[in-house]
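Before any comments, here is the structure.
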Amino acid sequence: MSNTMILGYFEVGDMIRARELFDKMSRKDLMSWNTVLNGYANNGDVEACEALFEKMPEKNIFSWNGLIGGYAHNGRFPQVLTTFNRMLAENKVKPNEATLVMVLSACARLGALVLGKWVHIQAKANGYSGNCRVGNALIDMYAKSGAMESAIDVFRSMKRKDLISWNTMICGLATHGHGADALNMFSEMKNAGEKPDSITFIGILSGCAHMGFVEDGFSYLKSMIDDYSIEPQIEHYGCIVDLLARAGLLAQAVDFIVKMPKEADAVMWATLLASCRVYKNVEFAELALEKLVEFDPKNPTNYVMLSNVYGDIGRWKDLARLKVATRDTGFRKLPGCSLIEVNDVVSEFYSLDERHPDKEQIYESLKGLTMLSRLYGNIPEGDTDID
Numbered sequence: 001m002s003n004t005m006i007l008g009y010f011e012v013g014d015m016i017r018a019r020e021l022f023d024k025m026s027r028k029d030l031m032s033w034n035t036v037l038n039g040y041a042n043n044g045d046v047e048a049c050e051a052l053f054e055k056m057p058e059k060n061i062f063s064w065n066g067l068i069g070g071y072a073h074n075g076r077f078p079q080v081l082t083t084f085n086r087m088l089a090e091n092k093v094k095p096n097e098a099t100l101v102m103v104l105s106a107c108a109r110l111g112a113l114v115l116g117k118w119v120h121i122q123a124k125a126n127g128y129s130g131n132c133r134v135g136n137a138l139i140d141m142y143a144k145s146g147a148m149e150s151a152i153d154v155f156r157s158m159k160r161k162d163l164i165s166w167n168t169m170i171c172g173l174a175t176h177g178h179g180a181d182a183l184n185m186f187s188e189m190k191n192a193g194e195k196p197d198s199i200t201f202i203g204i205l206s207g208c209a210h211m212g213f214v215e216d217g218f219s220y221l222k223s224m225i226d227d228y229s230i231e232p233q234i235e236h237y238g239c240i241v242d243l244l245a246r247a248g249l250l251a252q253a254v255d256f257i258v259k260m261p262k263e264a265d266a267v268m269w270a271t272l273l274a275s276c277r278v279y280k281n282v283e284f285a286e287l288a289l290e291k292l293v294e295f296d297p298k299n300p301t302n303y304v305m306l307s308n309v310y311g312d313i314g315r316w317k318d319l320a321r322l323k324v325a326t327r328d329t330g331f332r333k334l335p336g337c338s339l340i341e342v343n344d345v346v347s348e349f350y351s352l353d354e355r356h357p358d359k360e361q362i363y364e365s366l367k368g369l370t371m372l373s374r375l376y377g378n379i380p381e382g383d384t385d386i387d
């Protein structure tokens, strides 16, 4: 009864009463601990989740999954991987389906391909190589890491595939420029009797955009409506705008945006603006920026993209005018961020970052590399800010 009441408090977000009831319990079984652990995780209190986990007198796989899930649901993907490593190192419990799916999803978000391959080995070792959910997570991890051959191998090895399996493959192929393969996969999907959904068509339309298949793109959009009764969402219309813009049909892209039944979002106008630089079209670039400013007037990326268009065609006066206008808005460019995987650890770096715990060793190593590069003539004097 107490566990049910604790769960009820957490479901309505009352973590204080849930914890008070838990603390008053004279006998706390493992289910009680796990209920509170998952309650903290689901409500976003990762610190409380961590503290409780360390106090637990015993832990099972659901305890570990609670902590890993807390990290995953709150975007702390590096901690997902370190906790998984710790779980295996303590060698007391084995991962289950949920564990593997969460860890593989973290690898996908971080682009940690080496760690993802290691988790793949763990999945095989624990008898989950034929599991559909784990297989889908593997496909997603390999696809997001750009290892499409490995993604295809996993897909082909799966005895049972669901809609997510097909969609993940189609979208992965389309994202990495394999538009023709994505369309072939769609044909294979239909032959297998799997009915597509709206996500399937995002992948298909994206594949058409990457390949420049303008007529095919409109044909698939029509088929989506007529054959499958799927109402296009803003993402589908965005793919058509991308399709037209990539093909250099900028006037048609603008006409499509104006006439489509949904109001254009910032992504559409940014897509148009990016293609305006490729095709050096100032008129539509200025229109796109005007619309983007309505969404976010202080987004520096939009101004930079238009300034690149001006610079590419030698419109120096307009470029100078834009710089003055952007300076008056007072925006600051966000620092660049990079992720790197070294010795099974994913580290995050920002431009001029002073927060990394190993910053002194990192900067010393960077100084040494800079000196060697200068000796070989790769970096001219004055090109680095490292003292």
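In UniProt numbering, the protein residues as written are 1 to 387. Where a beta carbon is used, it is the ideal one built from N, C-alpha and C, also for glycine.
CB contact check: residue i to chain C, cutoff 8 Å
{"i": "F201", "result": "Considering every chain present, this structure includes no chain C. It has just one protein chain."}
8 Å Cβ cutoff met for residue i and residue j
{"i": "V93", "j": "W118", "result": "no"}
{"i": "A137", "j": "L104", "result": "yes"}
{"i": "D296", "j": "A266", "result": "yes"}
{"i": "V74", "j": "G44", "result": "Reading off the sequence shown, one finds Asn at residue 74, where the question assumed Val. Contact: yes."}
{"i": "residue 391", "j": "A247", "result": "The chain is shown from 1 up to 387; residue 391 falls before or after that span and cannot be answered."}
{"i": "K280", "j": "I313", "result": "yes"}
{"i": "C208", "j": "D197", "result": "no"}
{"i": "L30", "j": "E58", "result": "yes"}
{"i": "F77", "j": "A106", "result": "yes"}
{"i": "N299", "j": "L289", "result": "no"}
{"i": "W269", "j": "L292", "result": "yes"}
{"i": "S234", "j": "L205", "result": "For the record, residue 234 in the displayed sequence is Ile; it is not Ser. In this structure, L205 does not lie closer than 8 Å to I234 by Cβ."}
{"i": "I61", "j": "F84", "result": "no"}
{"i": "V304", "j": "A285", "result": "no"}
Sequence-distant residues of its chain with Cβ nearer than 7 Å to residue i (five each side left out)
{"i": "A18", "result": "I6, Y9, F10, V36, G39"}
{"i": "A245", "result": "A253, T271, L272, S275"}
{"i": "H210", "result": "A174, G177, G179"}
{"i": "E97", "result": "Y128, N131, R133, V134"}
{"i": "T4", "result": "none"}
{"i": "H146", "result": "Sequence check: residue 146 is Gly here, not His. Around G146: H176."}
{"i": "residue 429", "result": "With the chain running from 1 to 387 in the structure shown, residue 429 is simply not present."}
{"i": "K262", "result": "I234, Y237"}
{"i": "D181", "result": "L173"}
{"i": "D242", "result": "A209, T271"}
{"i": "D385", "result": "At D385, the pLDDT of 45 sits below 50, so the modelled position is not reliable; the number obtained from the coordinates is stated separately. Same-chain partners within the cutoff: there are none."}
{"i": "E194", "result": "L163, W166"}
{"i": "G13", "result": "N43"}
{"i": "N126", "result": "K94, P95"}
{"i": "H120", "result": "L138"}
{"i": "R160", "result": "C132"}
Chain-order list of residues whose beta-carbon lies under 6 Å from that of residue i (same chain, five-residue window excluded)
{"i": "T99", "result": "N65"}
{"i": "D140", "result": "A108, T168"}
{"i": "L334", "result": "Unreliable positioning characterises L334 in this predicted model, as indicated by a pLDDT of 48, which lies under 50. The coordinate reading is nonetheless provided below. Contacts found: none."}
{"i": "W33", "result": "M56"}
{"i": "A143", "result": "A151, G172"}
{"i": "F155", "result": "I139, M169"}
{"i": "I202", "result": "E235"}
{"i": "I199", "result": "N167"}
{"i": "M87", "result": "W64"}
{"i": "R277", "result": "N308, V309"}
{"i": "G116", "result": "C107, M141"}
Close Cβ partners of residue i (< 8 Å) along its chain, the five nearest in sequence each way excluded
{"i": "M15", "result": "Y9, G39, Y40, N43, D45, A48"}
{"i": "D387", "result": "Bear in mind that the predicted position of D387 carries a pLDDT of just 44, short of 50, making it unreliable; the figure below should be weighed with that in mind. Nothing meets the Cβ criterion."}
{"i": "M185", "result": "W166, M169, I170, L173"}
{"i": "L249", "result": "V214"}
Near the ligand ADP: residue i beta-carbon under 7 Å from a heavy atom
{"i": "D242", "result": "Because no ligand of any kind appears in the structure shown, any question about the ligand ADP cannot be addressed here."}
Assess, as a yes-or-no matter, whether the region 187-207 is touched by the region 155-171 under the definition of 3 or more beta carbon pairs within less than 8 Å. yes
Three or more beta-carbon pairs under 8 Å between the region 253-269 and the region 210-222, yes or no? no
If we count Cβ pairs, one from each stretch, closer than 8 Å, do we get three or more for the region 44-51 versus the region 20-30? no
Entirely enclosed alpha helix (DSSP H) segments - the region 235-272, minimum 4 residues: 250-259
Quick one: complete alpha helix (DSSP H) runs, 4+ long, within the UniProt repeat "PPR" (162-196)? 163-175, 179-191
Length at least 4, wholly inside the region 20-44: the alpha helix (DSSP H) runs in chain order: 30-42
Which ranges would you report for the alpha helix (DSSP H) in the region 118-148 if only whole runs of at least 4 residues count? 132-144
Runs of 3 residues minimum, wholly inside the region 40-104: which ones carry the beta strand (DSSP E) assignment? none
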